[in-house]
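Peer 1: I have a structure I would like to understand better, so I am pasting it below and will then ask my questions one at a time.
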Amino acid sequence: MEIVSFEPLAKTMAINSIATYQKYISPVKGFSCPHRLLHGGDSCSNYVKQMLIEQKLHEALQSSIQRFKDCAASSKTLTSPGAKSNFRCIVIPCCLPL
302 MEIVSFEPLA
312 KTMAINSIAT
322 YQKYISPVKG
332 FSCPHRLLHG
342 GDSCSNYVKQ
352 MLIEQKLHEA
362 LQSSIQRFKD
372 CAASSKTLTS
382 PGAKSNFRCI
392 VIPCCLPL
């Protein structure tokens, strides 16, 4: 009996979903990734897409969870009283409390 892994399909679907989000939704949503704004580098969507390419699915999911927690903390930092920016964060998708 052959064992079939759905991991390649799941990763491909996730990567394609992120690419669609980046192409059609992100440019018009009106806000930016707090983690990228505070720390520079990749947005959360780019980060997660790269983790899906480089890691096994369960590892990429764990990395993503930590990244989203870090992004939520970045959002709090940027929107705290006394922050030196007019930062606007809508808590979707990468600032979700985990």
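Counting in the working numbering, the sequence shown runs without a single skipped number right up to 399 at its last residue. Glycine included, C-beta positions come from ideal geometry on N, C-alpha and C. Keep in mind the model is a prediction, meaning the values are calculated, not measured.
Return the residue from the list Tyr325, Gln323 and Glu308 that minimises the CA-CA distance to His359.
Peer 2: Of the candidates Tyr325, Gln323 and Glu308, the one whose C-alpha sits nearest the C-alpha of His359 is Glu308.
Peer 1: In terms of residue numbering, what span does the alpha helix (DSSP H) encompassing Lys350 cover?
Peer 2: Note, Lys350: alpha helix (DSSP H), Cys345 to Glu355.
Peer 1: Taking the alpha-carbon positions, what's the Ala374 to Thr380 distance?
Peer 2: So the alpha carbons of these two residues sit roughly 10 Å apart.
Peer 1: Return helix, strand or coil for Ser381, following the three-state DSSP convention.
Peer 2: Here Ser381 sits in coil by DSSP.
Peer 1: What first and last residue would you give for the alpha helix (DSSP H) that runs through Lys312?
Peer 2: Its alpha helix (DSSP H) spans residues Glu308 to Thr321.
Peer 1: With Pro335 as the anchor, note down where its alpha helix (DSSP H) starts and where it stops.
Peer 2: Its alpha helix (DSSP H) spans residues Pro335 to His340.
Peer 1: Contact defined as beta carbons within less than 8 Å: I believe Leu353 pairs with Ile316. What is the distance between those atoms, to the nearest angstrom?
Peer 2: Correct: roughly 5 Å between the Cβ atoms.
Peer 1: Nearest-angstrom Cα distance between Ser306 and Asn347?
Peer 2: Straight-line Cα distance between these residues: approximately 25 Å.
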